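One structure below.
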Amino acid sequence: MHTHLASQKLGNILQKRVFFSDGLEQQQGTIEEAYLHPTRGELLGFIIKPENKTAPLLLAINQLLLLKPVNTESQLAALSHIISLVEELGDGVMPYQEFLTAEVITEDGQYCGCIAEVYFCQEGLRTIYQLKTPGLRGLFSKPQFVEGSHSDFYSRRYHRLILAAGAPRFASLTEAVEGLQQTALAFVGDDYAGKNFQR
Numbered sequence: 030m031h032t033h034l035a036s037q038k039l040g041n042i043l044q045k046r047v048f049f050s051d052g053l054e055q056q057q058g059t060i061e062e063a064y065l066h067p068t069r070g071e072l073l074g075f076i077i078k079p080e081n082k083t084a085p086l087l088l089a090i091n092q093l094l095l096l097k098p099v100n101t102e103s104q105l106a107a108l109s110h111i112i113s114l115v116e117e118l119g120d121g122v123m124p125y126q127e128f129l130t131a132e133v134i135t136e137d138g139q140y141c142g143c144i145a146e147v148y149f150c151q152e153g154l155r156t157i158y159q160l161k162t163p164g165l166r167g168l169f170s171k172p173q174f175v176e177g178s179h180s181d182f183y184s185r186r187y188h189r190l191i192l193a194a195g196a197p198r199f200a201s202l203t204e205a206v207e208g209l210q211q212t213a214l215a216f217v218g219d220d221y222a223g224k225n226f227q228r
């Protein structure tokens with residue numbers, strides 16, 4: 030039996046005050062940016078501005094940051110293992126705000142729209158992209174949703190994302206989350222062969 034995957038809009042958590050641990054003490058800060066991998070469909074980390082420091086910190090995550098205070102020592106200990114300070118997140122990772130408005134097309138050249146928003150599942154941090162047709166045409170078209178992991182190639186130079194052949198497009202976020210839930214096990218042990226990123 031599958032559990033429901035709760036989703037959240039990535040744009041909604043920017044500028045939120047969060048509590049985190051650097052391994053020694055609990056700190057409070059503000060999320061300034063999020064980082065994702067366009068073709069792997071993963072949310073990977075955040076830029077956080079601590080309240081008691083001038084320089085922002087780049088934090089890698091494997092679980093969503095807590096958006097409320099941690100009250101017990103056991104929770105604080107668990108949080109210190111969830112979040113780790115890193116110098117970089119690896120190749121192919123890009124800022125969420127830079128990824129928005131990227132043009133999306135299929136491998137055979139069909140235009141799908143632009144990235145209007147990114148959602149992520151709180152379990153597993155897998156991403157879902159909301160596509161919207163820009164301009165006047167967008168006023169009469171409904172948004173579509175695709176799983177981030179169904180992308181084959183992203184070009185930073187051309188600000189363009191190529192969808193994999195046969196990538197399903199969903200009419201609602203709920204349907205996309207359900208589709209992501211059904212394919213979640215396929216990612217176990219996946220080395221992401223063929224997932225390309227061009228700077």
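The numbering of the sequence shown is my numbering, which starts it at 30 and goes up by one.
Even glycine gets a Cβ: it sits at the ideal position worked out from N, Cα and C.
Model, not experiment: these values are computed from the prediction.
DSSP state of residue i mapped onto helix, strand, coil
i	result
residue 71	strand
residue 206	helix
residue 127	helix
residue 36	strand
residue 188	coil
residue 178	helix
residue 151	coil
residue 211	helix
Length of the line joining the Cα atoms of residue i and residue j
i	j	result
residue 84	residue 61	12 Å
residue 197	residue 176	8 Å
residue 190	residue 154	20 Å
residue 137	residue 47	43 Å
residue 70	residue 120	14 Å
residue 86	residue 123	16 Å
residue 77	residue 59	5 Å
residue 132	residue 186	12 Å
residue 41	residue 127	16 Å
residue 170	residue 161	8 Å
residue 181	residue 204	21 Å
Own chain partners of residue i with C-beta closer than 6 Å, once the 5 adjacent residues on each side are dropped
i	result
residue 159	145, 146, 172, 174
residue 163	143
residue 36	148, 150, 206
residue 63	39, 75, 125
residue 188	131
Beta carbon of residue i nearer than 7 Å to that of residue j
i	j	result
residue 130	residue 143	yes
residue 79	residue 183	no
residue 88	residue 75	yes
residue 125	residue 39	yes
residue 149	residue 43	no
Contact set for residue i: own chain, Cβ-Cβ below 8 Å, skip 5 residues either direction
i	result
residue 135	141, 191, 192, 194, 196
residue 201	174
residue 179	70, 192, 193, 196, 197
residue 56	48, 49, 50, 79, 80, 81
residue 199	173, 174, 175, 205, 208
Beta-ladder partner(s) of residue i, from DSSP
i	result
residue 61	Per DSSP, none; premise fails for residue 61.
residue 146	159
residue 132	143, 189
residue 44	Paired residues: none, contrary to the question.
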